[in-house]
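Visitor: Shown below is the structure under consideration.
2 protein chains.
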Amino acid sequence: MKKLTLLLTVLLLGAATSLFARTEVERWGCFELRLNHAAKANPFDVALSATFTNGDRKIVVRGFYDGDDTYLVRFMPPVEGEWRYTTRSSAAALNRRSGSFVAVPPAAGNHGPVEVDGDHGFRYADGSRYMPFGTTNYALALFRPETQEATIHSLAASGFNKTRLCVLPKDYPTPLEAPTIFPFELRSRTVDAEGKEHFEWDFERFNPAFFRNLDHRIRQLQELGIEADLILFHPYDRGMWGFDKMPEEINRRYLDYLIARVGAYRNVWWSMANEWDLVRNRTVEEWKDLTRHVAATDPYGHLCSIHGGTAVYFDYGMPEFTHVSIQDEAPVFTASAAATLRQIFPKPVICDEIGYEGNLPLRWARYSPQLMTYYVTNGLMGGIYVTHGECYRDPSEEDFVYWSDGSILRGGSWQRIAFLRRILEEGPNPPRMADVSRDTKTSTAGDGYYYVWLGQSIQSSWRFNLPASNARYRRPQEGERYRVDIIDVWAMTVTEVPGVFETTKPIDYRLYDKHHRDVRLPDVPYLLLRIRRVAE
Amino acid sequence: MKKLTLLLTVLLLGAATSLFARTEVERWGCFELRLNHAAKANPFDVALSATFTNGDRKIVVRGFYDGDDTYLVRFMPPVEGEWRYTTRSSAAALNRRSGSFVAVPPAAGNHGPVEVDGDHGFRYADGSRYMPFGTTNYALALFRPETQEATIHSLAASGFNKTRLCVLPKDYPTPLEAPTIFPFELRSRTVDAEGKEHFEWDFERFNPAFFRNLDHRIRQLQELGIEADLILFHPYDRGMWGFDKMPEEINRRYLDYLIARVGAYRNVWWSMANEWDLVRNRTVEEWKDLTRHVAATDPYGHLCSIHGGTAVYFDYGMPEFTHVSIQDEAPVFTASAAATLRQIFPKPVICDEIGYEGNLPLRWARYSPQLMTYYVTNGLMGGIYVTHGECYRDPSEEDFVYWSDGSILRGGSWQRIAFLRRILEEGPNPPRMADVSRDTKTSTAGDGYYYVWLGQSIQSSWRFNLPASNARYRRPQEGERYRVDIIDVWAMTVTEVPGVFETTKPIDYRLYDKHHRDVRLPDVPYLLLRIRRVAE
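Those protein sequence lines, which keep their order, are chains A and B.
Letter by letter, the first sequence follows residues 101 to 636 in this note's numbering.
Letter by letter, the second sequence follows residues 101 to 636 in this note's numbering.
The structure is reproduced here in structure tokens:
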């Protein structure tokens, strides 16, 4: 885990200072240039950018106004070495400010931003593997500070390495859950005769305090090794504030400001929207334009997708979408169905909403922990990723629902997901079906490394057998020796089966143990068998 | 059914003749202009086209050489009225030939070419609905004439309204099945020391007799109301003739010739390939180029797709692909899985290969008739289409496998598919899931028109219930009255359930009968309930 100090803030008291200071920032850390200027007009209208160069590399980033006559330029160095910069601005005080810093090797725990690896995987920029095991905390940075802290605390203990959070406030039915801080400057707040509040915003002026809090939460997540999948727009405004129907130029101004602020944080992902199809009056073409705007503005190429309502699929063929982020449960009904999505899309697929574990009366918010675990495992075994969420409401406690409000985890699936993460990270590759569309139970993680997912069924024994196909890996051969582990996903135990199994030649598309031996199984559901070839 | 005479051949004995004859051709019929010219060099190299005009409409089509010093220009008039034409050619004898004909109203049974209707349906050009219920006869036009006739005869009695056939010969393991006629002029045929045959083709010269036979079979299918889904390339050459690895310019020359010949037949669809991924040495980009070539060359915009190996999905987002044609069984394991494909693709989806009913030792060719029927119904209920195929080989009979060789239907699913076609054509719209990704059994065909597919399970009764959601149709309301039919898909019977059911208001996302009545069911699988609102 990294220290907050890794995020180095460089206070330049004058241009001359840079001649003497050797500023160091980790590769993929955040260099920050702080400049002062008292703008005469709207300080958010002052144009500011900086060009960072390292040898032939040149990256232009925007700066932004952070209140109190302060302008910031943030930059994430993608390679080590000396980086020089020069600013450009419409304000003389901010123009032609130059200097340099040295990007030093990353500290332990800093693997850089996550990127796509091959057709269906992810990796960190340093090449180490990343498999998303995410959860959902829509209002992570929007609630009372103590709730925000509690959420961060719960995430730290959870095993999740990604969470989905909204940038813009979300309307809630209860006053307890009303956001207290907003992204724009409030012009007026009035209450009409029916008691309904009316907000009028100055969309030309951001509220730096709102965004400083967001910065802080993203950096906290970064410290914990958790990717921040930022939901840029959503329909959960319900006429409260109008953030779901801002003019297009304000949408872009908001995106530019946000990207300038948090784009230099390596753990940021862009989710163009949650339930884009429920945002009224915005066409598919407008979503595409906004997506292209984000991709063109972000100098780092952070991961980017868009998420719709149940079983609503956007055109994920757009090159700006690095991966597929969907809301749909049908693909996790079986590993086979999940595998079909993997086959269709030449990009990683994340079922970012399959419904949630919880006890709410809504049908998407009342899965048992077992069902949630089952669905997550189905997706993983099919070669896609599945995001967790929790919707418990306990009348005896404060009225928090983790999926949205944050606070503490109460359910039973998150521990199993953390357990699955540990198991799958031991494998040589993320799982995928070994014999797609034919064998609905066997997944492969590579040469001589399989899982057999028995799911909800209870069976007293399993006859050793493997498919002759093995995705694109080397096929199993006659005379190979395998060991089997019984992984009880619910009990979170791993039991090694005594003895070694030796394969026959393929018989009608499958290989068996040459003595046709069975594995005795406990009479419980949610068993995952792990079958690994014994080294010669 | 149409008469062969509808396909009018106009013999122009001289240019002057056209001044006196009033030639009539049905709208969407085929006008044919026949011209004579003895070419000095390769007659296939003579450029010939014709411009057809009707008011502001102008369509340019290519002509082609049909052997015996004869050149043909075929044209399908898309609207009624007088069409005038003028030819252009590099040969003076074929140049500036002009004339006219009158496109008259189509006869009964001529509905025009099939086109896409909305996001997921098909219709004929005259607006009448088309739902594909297809089968597979790869070598329909490639075998001995008596086998070809037998296949046509079996199709006439089958109820299928589409079949998939290869244009280019397919290699078979047995001599009985060796093609006897080829698309190119044979230069030499030699047998080497190991007894292997070697063919050398003149790829610059087509074999008109081969293509005349193809014309004839397509027209026969047209007479039967059967769409001809022409497979333009395939990998089933296995080094026999080299048709799978012709130079790109020969591929295009072949496509141009074929489109000029059969493009004017209204029942033609283009399938760029079967199992495109198994054709060696052709890249995805080359397939895309060939597809764009077909779309740019075909003046009528016939339906076009491409078909891969098991669970291999092309980039169906290409605008040239009118629909998705795939080989995959996982999408028909359940109606829900099928529905996911419908949700993903904003185009009609046809599972053109889910494996086949039959008795071959290969796992994709040994489905029981029940399993085939089950899969087909799953797909249909999920809102996609599924293609039949039959792979029986009876050692006591001649060695024909219907899926490939043709001849006669022997299995048990084709009759059920014909029955399902009749049932579904009675509905106001093709089925789709009523409450996608949530209710895995109920499909809707519109306002007050549902199916509940019980699939392989046997249950003694069904409690009347409907989902509160109804796709994009009007939702069911409290106090509506419904009748229920029990459709036994396997027995091919329809039994009306006595009495009328009256809906409650929605209770936890579903409506029930206000008296909570059940429907007694026979103890058999493959039951499809049809639930229709009673008119007020």
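Where a beta carbon is used, it is the ideal one built from N, C-alpha and C, also for glycine.
Does any CB atom of chain B fall closer than 8 Å to the CB of residue 443 of chain A?
Guide: yes
Visitor: Can you confirm whether residue 375 of chain B, when its beta carbon is compared against all beta carbons of chain A, has any partner nearer than 8 Å?
Guide: The C-beta of residue 375 of chain B comes no closer than 8 Å to any C-beta of chain A.
Visitor: Hey, could you find the ends of the alpha helix (DSSP H) residue 386 of chain B is sitting in?
Guide: 384-397
Visitor: Rounded to whole angstroms, what's the CA-CA distance from residue 525 of chain A to residue 201 of chain A? Just pull it up for me.
Guide: 36 Å
Visitor: Just the Cα atoms here: how many angstroms apart are residue 373 of chain A and residue 366 of chain A?
Guide: 20 Å
Visitor: On the three-state DSSP scale, how would you describe residue 533 of chain B?
Guide: strand
Visitor: First and last residue of the alpha helix (DSSP H) that includes residue 577 of chain B?
Guide: Note, residue 577 of chain B: premise wrong, no alpha helix (DSSP H); not H, not E.
Visitor: Sorted by chain position, which residues of the same chain lie with C-beta nearer than 8 Å to residue 258 of chain A's C-beta, five sequence neighbours on each side aside?
Guide: Closer than 8 Å at the Cβ level, and outside the excluded window around residue 258 of chain A, lie 235, 509, 514, 518.
Visitor: Is there a C-beta anywhere in chain B that falls below 8 Å from the one on residue 111 of chain A?
Guide: Confidence at residue 111 of chain A is low in this model, with a pLDDT of 38, below 50, so the placement of that residue is unreliable and no value is reported for it.
Visitor: Can you name the residues of chain B whose CB is closer than 8 Å to the CB of residue 476 of chain A?
Guide: The contacting residues do not exist; residue 476 of chain A stays about 16 Å from chain B at best.
Visitor: When DSSP labels each residue in this structure, what does residue 359 of chain A get in the three-state scheme?
Guide: helix
Visitor: So what does residue 458 of chain B bridge to, in DSSP terms?
Guide: B/491
Visitor: Going by beta carbon distance, what residues of the same chain come within less than 7 Å of residue 117 of chain B, once the five residues before and after it are set aside?
Guide: Summary for residue 117 of chain B: the model assigns pLDDT 46, below 50, so the residue's position carries little reliability, and this model does not support an answer.
Visitor: Kindly give me the distance between the Cβ atoms of residue 548 of chain A and residue 580 of chain A, rounded to whole angstroms, as I take these residues to be in contact under 8 Å.
Guide: 7 Å
Visitor: Decide yes or no for the touch test of the region 475-485 of chain B against the region 552-560 of chain B: beta carbon pairs closer than 8 Å, at least 3 of them.
Guide: By the Cβ test, the region 475-485 of chain B is in contact with the region 552-560 of chain B, since at least three Cβ pairs between them sit closer than 8 Å.
Visitor: Do the region 159-176 of chain B and the region 142-151 of chain B meet, that is, are 3 or more Cβ pairs less than 8 Å apart?
Guide: yes
Visitor: Would you mind working out which of B/176, B/474, B/186 sits nearest residue 363 of chain B, comparing C-alpha positions?
Guide: Here the closest residue by C-alpha is B/176.
Visitor: State the DSSP-derived secondary structure class of residue 593 of chain B, mapped to helix, strand or coil.
Guide: strand
Visitor: With DSSP as the reference, label residue 335 of chain A as helix, strand or coil.
Guide: coil
Visitor: Using a threshold of 8 Å, state whether the C-beta atoms of residue 583 of chain A and residue 634 of chain A are closer than that.
Guide: yes
Visitor: Hey, quick one: how far does the alpha helix (DSSP H) through residue 136 of chain B stretch, first residue to last?
Guide: Residue 136 of chain B -> not in any alpha helix (DSSP H); beta strand (DSSP E) instead, spanning 131-136.
Visitor: Taking Cβ positions only, does residue 101 of chain A come closer than 8 Å to chain B?
Guide: Bear in mind that the predicted position of residue 101 of chain A carries a pLDDT of just 39, short of 50, making it unreliable; the figure below should be weighed with that in mind. No - not a single Cβ of chain B is within 8 Å of the one on residue 101 of chain A.
Visitor: Against chain B, which members of the region 586-612 of chain A pass a CB distance test of less than 8 Å?
Guide: 608, 609
Visitor: Would you verify that the beta carbon of residue 50 of chain A is, or is not, closer than 8 Å to some beta carbon of chain B?
Guide: An answer regarding residue 50 of chain A cannot be provided, because it is not within the stretch 101 to 636 covered by chain A.
Visitor: If you draw a straight line from the C-alpha of residue 300 of chain A to the C-alpha of residue 271 of chain A, how long is it?
Guide: 16 Å
Visitor: Tell me the start and end of each unbroken beta strand (DSSP E) in the region 264-346 of chain A that is at least 3 residues and wholly inside, in chain order.
Guide: 284-291, 297-306, 327-331
Visitor: Rounded to the nearest angstrom, what separates residue 393 of chain B and residue 346 of chain B at their Cα positions?
Guide: 16 Å
Visitor: Put residue 102 of chain A into one of helix, strand or coil per three-state DSSP.
Guide: With a pLDDT of only 43 at residue 102 of chain A, under 50, the local geometry of the prediction cannot be trusted, and no value is derived from it.
Visitor: Give the interface partners of residue 538 of chain B over in chain A, defined as CB-CB distance under 8 Å, in chain order.
Guide: 410, 429, 463
Visitor: For residue 539 of chain A, collect the residues of the same chain with a Cβ closer than 6 Å to its Cβ; drop the 5 residues on either side in sequence, then sort them by chain order.
Guide: 567
Visitor: Could you tell me whether the Cβ of residue 440 of chain B comes closer than 8 Å to any Cβ of chain A?
Guide: yes
Visitor: For residue 381 of chain A, I'd like the list of residues in its chain whose CB is within less than 8 Å of its CB, leaving aside the five on either flank, ordered along the chain.
Guide: 345
Visitor: When burial is assigned at 16 or more other CB atoms within 10 Å of the CB, is residue 609 of chain A buried or exposed?
Guide: It counts as exposed.
Visitor: Can you give the Cα-Cα distance for residue 559 of chain A and residue 467 of chain A, rounded to whole angstroms?
Guide: 24 Å
Visitor: Which of the three DSSP states is assigned to residue 350 of chain A in this structure?
Guide: helix
Visitor: Suppose the cutoff is 7 Å on Cβ atoms and the five residues either side in sequence are ignored; what does the same chain contact list for residue 241 of chain B look like?
Guide: 248, 265, 313, 314, 317
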